[in-house]
């Protein structure tokens, strides 16, 4: 299967499209675009916790700066897909964006270690790694890319939905046309387990599921709820097969242009908004499952995790062969070795 991994570069045409979108938005209310207005773009609907994070960030920044800094939020992919928004942040067309960590692995390959299947036993183990030296190592690579890393919010653990039946063991994936993101490790995992992984932007996924272009998808619960995938998917299996972090970044030159006090305000607001979003995600997990059940999904928690962990060992080996195991060992050391390769 030919794999086309997006999230690394953006063509001139796409950049022009993104720039045009920003200029149209700016022209709507030119008076609102003072020099201290920060343009914050993210990919999810306003009902998603990623948008709640953006709103919290905006509230704190504007309050702490006494209005000297303003934040304009562009939700729901208004300024492009993930790759376009990241490149927009690198170029300065966008000031701040929020995207899956996997969308940065084309530029920082070792960051893919965080998304290796079954790396983390729970969210607290992931937080220890992301908020510690391992996360700082990833952040240290960003300035050379024109970006300032602000925080690691979360998407959460990834689960599988499909229209064929519950996913209890690796063999249940065979033959499924599975929508995947651009994570090399997850592509490799599903291909190894006999599925047919296909990359599609999340904005196109509902229609692809509805029309049968793909049979299945894997996302954290919040995305399943926010994008209403339950309307076009029958079965939800709580596989927790990978933890998905988000990465909140800012254009480095834009950050450097702020006063030291304003920089501290931005960093604190990002940290506070991330803490709030993580807490809300944890608190709402069971509620989201219940909601999906009430709306007709059949939920399966009977998953043979040990069988999956054994089956995906070649995926870990491939990653180590390509990127070494230094990051893996560092992550495991701070997350108390809750996953083994």
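Numbering (mature numbering (1 follows the signal peptide of the UniProt record, and there is no 0)), first residue to last: -34 to -1, 1 to 307.
Ideal placement from N, C-alpha and C gives every residue a C-beta, glycine not left out.
Run of the beta strand (DSSP E) containing residue i, from where it starts to where it stops
i	result
residue 211	209 to 217
residue 186	182 to 186
residue 163	162 to 165
residue 311	Since the displayed the chain opens at -34 and closes at 307, residue 311 lies outside it and no answer follows.
residue 5	3 to 7
residue 38	36 to 40
residue 244	Per DSSP, residue 244 belongs to no beta strand (DSSP E); it is in the alpha helix (DSSP H), 226 to 260.
residue 126	120 to 128
residue 308	It is not possible to answer for residue 308, since the shown part of the chain is limited to -34 through 307.
residue 265	264 to 266
residue 115	113 to 117
Cβ-Cβ distance between residue i and residue j below 9 Å
i	j	result
residue 124	residue 142	no
residue 281	residue 154	yes
residue 312	residue 203	Limits of the chain in this structure are -34 at one end and 307 at the other, which puts residue 312 out of reach.
residue 100	residue 80	yes
residue 13	residue 210	no
residue 268	residue 136	no
residue 163	residue 156	yes
residue 208	residue 82	yes
residue 199	residue 263	yes
residue 51	residue 17	no
residue 139	residue 190	no
residue 55	residue 240	no
Exposure label - residue i; buried when at least 16 CB within 10 Å
i	result
residue 298	buried
residue -8	The predicted position of residue -8 is uncertain, since its pLDDT is 41 and thus under 50; no value can be drawn from it.
residue 90	exposed
residue 227	exposed
residue 102	exposed
residue 161	buried
residue 294	buried
residue 290	exposed
residue 283	exposed
residue 197	exposed
residue -33	Unreliable placement is indicated for residue -33, whose pLDDT of 37 sits below 50; no coordinate value is reported for it.
residue 288	exposed
residue 41	buried
residue 230	exposed
residue 78	buried
residue 31	buried
residue 301	buried
residue 292	exposed
8 Å contact criterion, which residue i and residue j should meet: CB distance rounded
i	j	result
residue 4	residue 61	4 Å
residue 174	residue 145	6 Å
residue 201	residue 147	In fact, because the Cβ distance is near 20 Å, the residues do not count as touching under 8 Å.
residue 285	residue 68	Not a contact, Cβ separation roughly 13 Å.
residue 11	residue 64	That belief does not hold up - the Cβ atoms of residue 11 and residue 64 are roughly 13 Å apart, past 8 Å.
residue 35	residue 2	5 Å
residue 86	residue 37	Going by Cβ atoms, the distance from residue 86 to residue 37 rounds to 31 Å, so no, they are not a contact pair.
Any non-hydrogen atom of the ligand SAM closer than 8 Å to residue i Cβ
i	result
residue 127	By its list of ligands, the structure shown contains no ligand whatsoever, and the ligand SAM lies outside what it can speak to.
N- and C-terminal bounds of the alpha helix (DSSP H) containing residue i
i	result
residue 175	171 to 177
residue 66	From DSSP, residue 66 is part of no alpha helix (DSSP H) but of the beta strand (DSSP E) over 62 to 66.
residue 19	15 to 30
residue 54	48 to 57
residue 96	89 to 96
residue 287	279 to 289
residue 153	150 to 158
residue 105	99 to 106
Quiz item: Are at least three pairs of beta-carbons, each pair with one atom in the region 172 to 189 and one in the region 220 to 234, less than 8 Å apart?
Solution: The region 172 to 189 is not in contact with the region 220 to 234.
Quiz item: Do the region 162 to 181 and the region 206 to 215 meet, that is, are 3 or more Cβ pairs less than 8 Å apart?
Solution: No, they do not touch.
Quiz item: Does the pairing of the region 230 to 243 with the region 13 to 27 give three or more beta-carbon distances under 8 Å?
Solution: yes
Quiz item: Just checking, does the region 156 to 176 make contact with the region 96 to 112 on the three C-beta pairs under 8 Å criterion?
Solution: The region 156 to 176 is not in contact with the region 96 to 112.
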